[in-house]
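Asks: Residue numbers (our numbering): 11 to 110.
Okay, here's the structure, questions in a sec.
And the structure:
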């Protein structure tokens, strides 16, 4: 059974906490997206620590990077994520971090 958007939001928040706890992102570094369906992705906001995110902080964008839903601004790195999704239809999520 497919996950709900709410479950995907929880997944991103948990992944954000993990990469933050491991020291793979500092301050507001890094970004995470999950493909919701063929036309939308769920992404992290800009300017928010990945270790401090809440599910309602996340943004839904279309595959052109336009914000469809969300109260915050989407990650400034959305183009990189969308390029991956465009080149690799099998990829369902992208994590951009800076591990040591």
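Here a beta-carbon is modelled for each residue, glycine too, at the ideal position from N, C-alpha and C.
Source: prediction; values computed, not measured.
From 46, 28, 47 and 65, pick the residue whose C-alpha is nearest to that of residue 7; which is it?
Replies: The displayed coordinates of the chain run from 11 to 110. Any statement about residue 7 would go beyond what the structure contains.
Asks: Got a sec, what are the start and stop residues for the alpha helix (DSSP H) residue 28 sits in?
Replies: If you number the chain shown from 1, residue 28 lands on position 18. Here the alpha helix (DSSP H) through residue 28 covers 15-31.
Asks: Could you say which of 15, 87, 100 and 63 lies nearest to residue 27 if we only look at CA atoms?
Replies: For the purposes of this step, residue 27 is taken as residue 17 along the chain shown, with counting starting at 1. When each option's Cα is compared against that of residue 27, the closest is 63.
Asks: For residue 32, is the classification buried or exposed, using 16 other Cβ atoms within 10 angstroms of its Cβ as the cut-off for buried?
Replies: If you number the chain shown from 1, residue 32 lands on position 22. Exposed.
Asks: For residue 19, which of 42, 30 and 34 has the nearest alpha-carbon?
Replies: Here residue 19 corresponds to residue number 9 of the chain shown, with the count starting at 1. Taking only the C-alpha atoms, the option nearest residue 19 is 42.
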